[in-house]
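S.K.: Using my numbering, the first residue of the sequence shown is number 9, and each one after it goes up by one. Positions of the beta carbon are idealized from the N, C-alpha and C atoms, including for glycine. The structure presented is a predicted model; accordingly, all values stated were derived computationally and were not measured.
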Amino acid sequence: MTAFALPRFVAPLLRHSLILILIALLVFFSIQAPAFTAPTNLLTILESSAVLLIVALAMTLIIASGGIDLSVGVAIDFGAVFALIALKDFGAPWYVAIFAALAGAALVGAFNALLIVGLGIRPFLATLGTFFIGSSIQRIYTDGGGPIAFRRMEQGFRDLAAGNIAGIPMEIVIAAVVLVGYYLLLERTNFGQRVHAIGLQPRAARVAGIRVGRHVAVVFILAAASCALGGVILAATLRQFTPLAGQSYLLDAIAATFIGASIHPRLRPNVPGTLLGVLFLGVVANGLNLLGLDFNLKSALSGLILVGALALAGLRGRAG
Numbered sequence: 009m010t011a012f013a014l015p016r017f018v019a020p021l022l023r024h025s026l027i028l029i030l031i032a033l034l035v036f037f038s039i040q041a042p043a044f045t046a047p048t049n050l051l052t053i054l055e056s057s058a059v060l061l062i063v064a065l066a067m068t069l070i071i072a073s074g075g076i077d078l079s080v081g082v083a084i085d086f087g088a089v090f091a092l093i094a095l096k097d098f099g100a101p102w103y104v105a106i107f108a109a110l111a112g113a114a115l116v117g118a119f120n121a122l123l124i125v126g127l128g129i130r131p132f133l134a135t136l137g138t139f140f141i142g143s144s145i146q147r148i149y150t151d152g153g154g155p156i157a158f159r160r161m162e163q164g165f166r167d168l169a170a171g172n173i174a175g176i177p178m179e180i181v182i183a184a185v186v187l188v189g190y191y192l193l194l195e196r197t198n199f200g201q202r203v204h205a206i207g208l209q210p211r212a213a214r215v216a217g218i219r220v221g222r223h224v225a226v227v228f229i230l231a232a233a234s235c236a237l238g239g240v241i242l243a244a245t246l247r248q249f250t251p252l253a254g255q256s257y258l259l260d261a262i263a264a265t266f267i268g269a270s271i272h273p274r275l276r277p278n279v280p281g282t283l284l285g286v287l288f289l290g291v292v293a294n295g296l297n298l299l300g301l302d303f304n305l306k307s308a309l310s311g312l313i314l315v316g317a318l319a320l321a322g323l324r325g326r327a328g
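In structure tokens, the structure reads:
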């Protein structure tokens, strides 16, 4: 498609359009619903966005490598159920339960890696298959999909959702640690640079000597394992395993990643952009609730935001 020139002042506006719209939404909700700016409500937005941020960061890593993962919800659920099995059936300490959650979710990533790298199946189809298989396993394990409660949960594990550090809720602390870890991995390591290279030009990456298959496998395993932390938070919050609970984060994670890519100079998935995308969705959902509007509008508005962000990104890309 032919590139065209934009006025000098328009390009910066397009690049920072997501930030400008987010600021506009903050002002709008602050005026229409004064309770929106209350510290407790702002903290609520951050807490409710913690699990989504963890999943969206995993999706950012995968999309940066040129793939997609429709099974992140399965990884979340496997993390939750493996943690509860360790706690309930084996009486393991909370830190062992976390390790079990990471291992359980990593199995999902390893299965995806086997399908994609070992068998050459495209990521979309491979992870779609994993989604169906993982969902069926959960229904079978729970005799049809009923929750498995564990009310006498060890306090150390419970504190992962109900505890705090210096007044900051643990969900936010965990999400912040994952955020920093992903930023350093993608932006400050050779591995991250190779992942971006694979996502941009996989053939050129192979010619350059990058072991594409090995890197893609690590990406899917690491992303799935980090999603387990979201499952741990859900299990600690609800004190039970709820089958298929992780599936509700899939579309929002994809939306946050692509919305965030619109702020990158080369329109690439990036950690700061994903953070903004998650906050965007959190602000919209919270603001609509405070305004008393139909919560179902969230999906429509999120879709409009995604389309708008991609349209602006496409316009900026065409302008060169």
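Please list, in chain order, all residues of the same chain as residue 45 whose beta carbon is under 7 Å from its beta carbon, the five residues on each side excluded.
M.R.: The answer, listed in chain order, is 38.
S.K.: I'd like the list of long-range same chain contacts for residue 254, defined as Cβ closer than 6 Å, with 5 residues on each side in sequence excluded.
M.R.: Within the same chain, residue 254 has close Cβ partners 81, 84, 85.
S.K.: Tell me the DSSP secondary structure of residue 177 in three-state form.
M.R.: In the structure shown, residue 177 sits in a strand (DSSP, three-state: E or B).
S.K.: Restricting to runs no shorter than 4 residues, where is the alpha helix (DSSP H) found entirely within the segment 249-291?
M.R.: Those alpha helix (DSSP H) runs which fall completely within the segment 249-291 and span 4+ residues are 258-269.
S.K.: Roughly how many angstroms lie between the CA atoms of residue 289 and residue 259, to the nearest whole one?
M.R.: The straight-line gap from Cα to Cα measures roughly 11 Å.
S.K.: What's the gap between the Cα of residue 243 and the Cα of residue 217?
M.R.: For residue 243 and residue 217, the distance between alpha carbons rounds to 42 Å.
S.K.: When the Cα atoms are used, what is the spatial distance from residue 278 to residue 67?
M.R.: Cα to Cα, residue 278 sits roughly 10 Å from residue 67.
S.K.: Residue range of the alpha helix (DSSP H) that residue 39 falls in?
M.R.: Unbroken alpha helix (DSSP H) run through residue 39: 25-40.
S.K.: For the candidate residues 274, 283, 88, 307, whose alpha-carbon lies nearest to that of residue 62?
M.R.: Looking at the Cα atoms, 283 is the closest of the given residues.
S.K.: Can you tell me which of the three DSSP states residue 46 falls into?
M.R.: Reduced to three states, the DSSP call for residue 46 is coil.
S.K.: If we ignore side chains and look at the alpha-carbon of each, how far apart do residue 220 and residue 136 end up?
M.R.: Each residue's Cα considered, the two are about 22 Å apart.
S.K.: Nearest to residue 142 by alpha carbon, out of 169, 107, 251?
M.R.: Residue 251 is the option with its Cα nearest to residue 142.
S.K.: Sorry if obvious, but does the Cβ on residue 111 come closer than 7 Å to a heavy atom of the ligand ADP?
M.R.: With respect to small molecules bound, the structure shown includes none, and the ligand ADP cannot be examined in it.
S.K.: How big is the Cα-Cα spacing for residue 269 and residue 189?
M.R.: Each residue's alpha carbon lies about 19 Å from the other.
S.K.: Tell me, please, whether the segment 22-36 touches the segment 195-215 by the rule of three or more beta-carbon pairs shorter than 8 Å.
M.R.: No: the two stretches stay apart, fewer than three of their Cβ pairs being nearer than 8 Å.
S.K.: Please return the same chain residues whose Cβ sits closer than 6 Å to the Cβ of residue 161, not counting the five positions on each side in sequence.
M.R.: Within the same chain, residue 161 has close Cβ partners 247.
S.K.: If contact is defined by three or more beta carbon pairs under 8 Å, each pair taking one atom from either stretch, is the segment 206-214 in contact with the segment 88-99?
M.R.: At 8 Å Cβ cutoff, the stretches do not touch.
S.K.: Going by C-alpha to C-alpha distance, which of 241, 286, 155 sits closest to residue 166?
M.R.: Ranking the options by Cα distance to residue 166, first place goes to 241.
S.K.: Which same chain residues, not among the five before or five after residue 338, have their C-beta less than 8 Å away from its C-beta?
M.R.: One cannot answer for residue 338 here, as it falls past the ends of the chain, which runs 9 to 328.
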